[in-house]
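So that you can map any letter, position 4 of the sequence shown is -3 in the working numbering, and since no number is skipped, the others follow by simple counting.
The next block holds one structure in the form of structure tokens; read it before the comments.
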Amino acid sequence: MRLSLRFILPLILVLAGIAYGIAPLVDQLTLRWFIRDLNSRSTAIANAIQEPLLEQLAAGKRAKTEEFFSRITQDERLFAIGYCDSSTGKMLASRSLPAEIHCSDLDRWQLPQGHLLTSIHGPLHVTVRPLASESAPDGQLVLVHDMSFISRRTEETKRYVFYFFMALAGVVSLITVVIAQLSWRGWMAGMRSLLRGEGLLRKPSGGAQAPLPGFKPIARDLQRLIQELESESRARDESQITWTPEALRTILHSELSGEDVIVVSNREPYIHQHHGERIEVSRPASGLVTALEPIMRACSGTWIAHGSGSADKAVVDKNDCIRVPPERPAYQLRRVWLSPEEEAGYYYGFSNEGMWPLCHIAHVRPTFRSSDWAQYVAVNRKFAEAVASEAKTKTPIVLVQDYHFALLPKMIREALPDATIITFWHIPWPNPESFAICPWRNDILAGMLGSSIMGFHTQFHCNNFVDTVDRFIEARVDRESFTVSCGGKLTAVRRYPISIAWPPEADMLRESIPDCRNRIRDLNGLPLDHKVGIGVDRLDYTKGIVERFRAIERLLELNPDWIGRFTFVQVAAPSRSGIDEYQHHETQVRAMATRINGRFENQGPPPIKLRIEHHEPQAVYEYFRAADLCFVSSLHDGMNLVAKEFVAARDDERGVLILSEFTGAARELPEALIVNPYDADQCAAAMHLALTMPATEQRDRMRLMRGLVAEFNVFRWAGRMLLDAASMRRRGRLAEKTERGGM
-6 MRLSLRFILP LILVLAGIAY GIAPLVDQLT LRWFIRDLNS RSTAIANAIQ EPLLEQLAAG
54 KRAKTEEFFS RITQDERLFA IGYCDSSTGK MLASRSLPAE IHCSDLDRWQ LPQGHLLTSI
114 HGPLHVTVRP LASESAPDGQ LVLVHDMSFI SRRTEETKRY VFYFFMALAG VVSLITVVIA
174 QLSWRGWMAG MRSLLRGEGL LRKPSGGAQA PLPGFKPIAR DLQRLIQELE SESRARDESQ
234 ITWTPEALRT ILHSELSGED VIVVSNREPY IHQHHGERIE VSRPASGLVT ALEPIMRACS
294 GTWIAHGSGS ADKAVVDKND CIRVPPERPA YQLRRVWLSP EEEAGYYYGF SNEGMWPLCH
354 IAHVRPTFRS SDWAQYVAVN RKFAEAVASE AKTKTPIVLV QDYHFALLPK MIREALPDAT
414 IITFWHIPWP NPESFAICPW RNDILAGMLG SSIMGFHTQF HCNNFVDTVD RFIEARVDRE
474 SFTVSCGGKL TAVRRYPISI AWPPEADMLR ESIPDCRNRI RDLNGLPLDH KVGIGVDRLD
534 YTKGIVERFR AIERLLELNP DWIGRFTFVQ VAAPSRSGID EYQHHETQVR AMATRINGRF
594 ENQGPPPIKL RIEHHEPQAV YEYFRAADLC FVSSLHDGMN LVAKEFVAAR DDERGVLILS
654 EFTGAARELP EALIVNPYDA DQCAAAMHLA LTMPATEQRD RMRLMRGLVA EFNVFRWAGR
714 MLLDAASMRR RGRLAEKTER GGM
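Here is the structure:
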């Protein structure tokens, strides 16, 4: 005990000294953070007031401008605001503007990080932002923030840091006392065991490894501590990472030793088609491609997919590969060829007449045929062979995509036992009662559990999957860690909400919002002041297009003022037209649009413009940027990236998103107008609200949604999976070392 005190007292003194020693560093960091926040705040204020300010200046309302400034400076941090007309050199300002600031010497205040000013009012932060307009002279906006609050925050931070180090000293002291009281004999036995390479574990006669008797409490506490530290470290790392392609590359090289990444999907990211004597390249309308394509650009590697284009074979090399994207090759596309019989049974049959309706609660009965199942097994085997041939090492990272490849993880595991296999299920997962009707349910579950990590969009789908496994196959389910042990292999079941790339590509936002509005209205024969709604979907019965049209008709019934003043443009890419259910759905959609338009045909432009054709991403973004509202009415959807693409397209922070509550995106974008697509009256009311929503409310909602999409982008989605894969690999290597040490 005396020895412990000799150690504890100096430790407390040292930690107290450290706490006081880092106080200047805390001051510097706090000041730097707040200056950065004030710069961001100044930019946001300048953007917000630019339009009304320039309108008042153009109208020559000097008195109203100064009154406008005075109202703005009621904010407790915004001390003063002024506007300097560059042509006259005159300053319009609130009464609180410091006397040191004049139009004649604004140049010395124009620093990127702002300028710190010490006045009789205390410390101030000054930023200058240029403003320009065709209707008003060029000028500069001066924003002055009160920084007195920083000193208060700094003192609080110092106090918390000191308390933290004192608490740390107490915890370390307690651990020291506990360790000092352990049995000296047990301690020495453990040290001798450690020096012999046996570690803290020993292998009894039963074969399983167990802690030495004197170290059972320590081993248990260490395991719990390691799990908590890993969880905290991961959360900290995720919050500090700016998720970009470069961040993904860094993770691959630092966490996964730069190993090759292989993506497997049915749909290919680029399709080559014959058009006369020319070969044209197009990108399919697919949320999966939208999400994964920027990932592959960032990470390189190989994408394995079904070659479905009429000119696909004409452009590949002898290994059935081609570098893409065409304009700037960044990764390799390996194409797998399927016979018409294979495509009919595997894709149209089992995948889309069986698994798709089984997983989507859209009231379409699944169809299961043994012949389709045989083709499904054969095609999964063919893709497994392609993965094995493309793998450059024995430990590749394989990202398996979606319901077309439920058997593939297990097949890859058999060919590449040390591969890290991440399977992501892009569609919903049903409850056990619904999944029970599948004749090959056990084979599908066993195939999926060949994955190292099994990912879904929402926790609800994770819960359904674990419940299904627990119900139908022999496996050990751990609901605390959400892992499944089957056949000696562990599968982690995780939630990874998918998203889109951020920021959007510059080409997508090249056309200004006014140009897009004019172009889309001209293209559809609509007046320039006409209100426009947009829906962008594959022509699929799960997307709720029929329900959407019913809601539009109901809107015009309840609010006749919108007849001839509002048109909804439905962009619908043809999909799976070889399936009877999809043919029937297209007929139903066309008939409903014709009937509704015929009902209101003599009262101005038609309420529905139906465009059943493929649109390139840039054309889709034009519609997003031109529309007053976007309506996503999916009846059941894993996530729905159209909603996030609409938000990303609106850099003007205008427009309203109406979103079905049955999409995964509804859990992430609560600022949208959330509706039940089966309730036509509710959807009609939401559209009326969207069309009459004030610009300020639109801006508030859109800013929040854009912030979320920016932070939780597709690179974060992929990065989280890769970080989890890296952690799994580290634990696997540690377990192997422990087993070798105990033998």
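Each residue gets a CB set at the ideal place from its N, CA and C atoms; glycine is no exception.
Exercise. Helix or strand or just coil, what does DSSP make of ARG723?
Worked result: helix
For this session: Would you check if the distance between the CB atom of SER344 and the CB atom of HIS397 is smaller than 9 Å?
Result: yes
Exercise. Among ILE415, GLY631, ASP436, which residue has its Cα nearest to the Cα of GLU467?
Worked result: ASP436
Exercise. If you drop the 5 nearest sequence neighbours on each side, which residues of the same chain put their C-beta closer than 7 Å to that of PRO421?
Worked result: CYS352, HIS353, HIS454, HIS629, GLY631
Exercise. Is it the case that the Cβ atoms of MET680 and ILE538 are separated by a distance below 9 Å?
Worked result: no
Exercise. Assuming THR451 contacts PRO425 under a Cβ cut-off of 8 Å, what Cβ separation, rounded to an integer in Å, is found between them?
Worked result: Not confirmed; about 17 Å, so no contact.
Exercise. Quick one: Cα of GLN325 to Cα of HIS118, how far?
Worked result: 51 Å
For this session: Compute the Euclidean distance between the alpha carbons of GLY199 and LEU727, then round it to the nearest angstrom.
Result: Low per-residue confidence applies at GLY199: pLDDT is 40, beneath 50, and the placement is therefore not dependable, though the value from the model is reported in the following sentence. For GLY199 and LEU727, the distance between alpha carbons rounds to 21 Å.
Problem set entry | 9 Å Cβ cutoff met for MET478 and GLU540 | Correcting the residue type first, residue 478 is Ser in the shown sequence and not Met. It is not a contact, given that the beta carbons lie outside the stated cut-off.
Problem set entry | Residue interval of the beta strand (DSSP E) (run including LEU109) | 108 to 112
For this session: State the DSSP-derived secondary structure class of MET447, mapped to helix, strand or coil.
Result: strand
Problem set entry | Simplified DSSP assignment, three categories, for PRO45 | helix
Problem set entry | Supposed close pair ARG260, VAL282 - CB separation, criterion 8 Å | 6 Å
Exercise. Span of the beta strand (DSSP E) holding GLN328?
Worked result: Inspection of the sequence shows that residue 328 is occupied by Arg rather than by Gln. Looking at the DSSP string, the run of the beta strand (DSSP E) that includes ARG328 is 324 to 329.
Problem set entry | Residue nearest to PRO123 in terms of C-alpha spacing, selected from ALA39, GLU48, ARG70 | ALA39
Exercise. Comparing the CB of GLN611 with every heavy atom of the ligand ADP, is any distance shorter than 8 Å?
Worked result: Looking at this structure, you won't find the ligand ADP or any other ligand, since it has none at all.
Exercise. Of the choices LEU521, VAL470, SER653, whose alpha-carbon is the least far from that of PRO670?
Worked result: SER653
Problem set entry | Supposed close pair THR58, LEU50 - CB separation, criterion 8 Å | 7 Å
Exercise. Apart from the five residues just before and just after ARG724, which ones in its own chain have a Cβ nearer than 8 Å to its Cβ?
Worked result: none
Problem set entry | Own chain residues within Cβ distance below 7 Å of PRO277, not counting five before or after | ARG260, ILE264
For this session: Pick out whichever of PRO567, LEU161, ALA381, VAL635 has its Cα sitting closest to the Cα of ARG604.
Result: PRO567
For this session: Please determine, among GLY557, ALA612, ASP621, ARG569, the residue with the shortest C-alpha to C-alpha distance to PHE762.
Result: Lying before the first or after the last residue shown, residue 762 is absent from the chain, which here runs from -6 to 736.
Exercise. Quick one: Cα of LYS311 to Cα of ASP500, how far?
Worked result: 34 Å
For this session: Please work out which residues of its chain come closer than 8 Å, Cβ to Cβ, to LEU90, disregarding the five sequence neighbours upstream and downstream, and give them in chain order.
Result: ALA73, ILE74, GLY75, MET84, VAL135, VAL137
For this session: Using only alpha-carbon positions, find the residue among ALA620, ALA377, THR476 that is nearest to ILE751.
Result: Residue 751 lies beyond the range of the chain shown here (-6 to 736); nothing can be said about it.
For this session: Reducing DSSP to helix, strand and coil, say where ARG569 ends up.
Result: coil
Exercise. If we ignore side chains and look at the alpha-carbon of each, how far apart do GLU335 and VAL309 end up?
Worked result: 21 Å
For this session: Put PRO123 into one of helix, strand or coil per three-state DSSP.
Result: strand
Exercise. So what does MET84 bridge to, in DSSP terms?
Worked result: CYS77
Exercise. Per the contact definition of three or more C-beta pairs closer than 8 Å, is the region 402 to 411 in contact with the region 376 to 389?
Worked result: yes
Exercise. Where VAL702 and GLY347 are concerned, what is the direct C-alpha to C-alpha distance, given to the nearest angstrom?
Worked result: 33 Å
For this session: Measure the alpha-carbon distance for VAL257 versus ASN595 and round it to whole angstroms.
Result: 52 Å
Exercise. Under the three-state reduction of DSSP, which class applies to GLU273: helix, strand or coil?
Worked result: strand
Problem set entry | ASP644 versus ALA677, GLU609, ARG694, residue with shortest Cα-Cα distance | ARG694
Problem set entry | Close beta carbons around LEU716, own chain, < 6 Å, minus the five adjacent residues each side | none
Exercise. Name the DSSP beta bridge partners of GLY526, please?
Worked result: PHE561, LEU622
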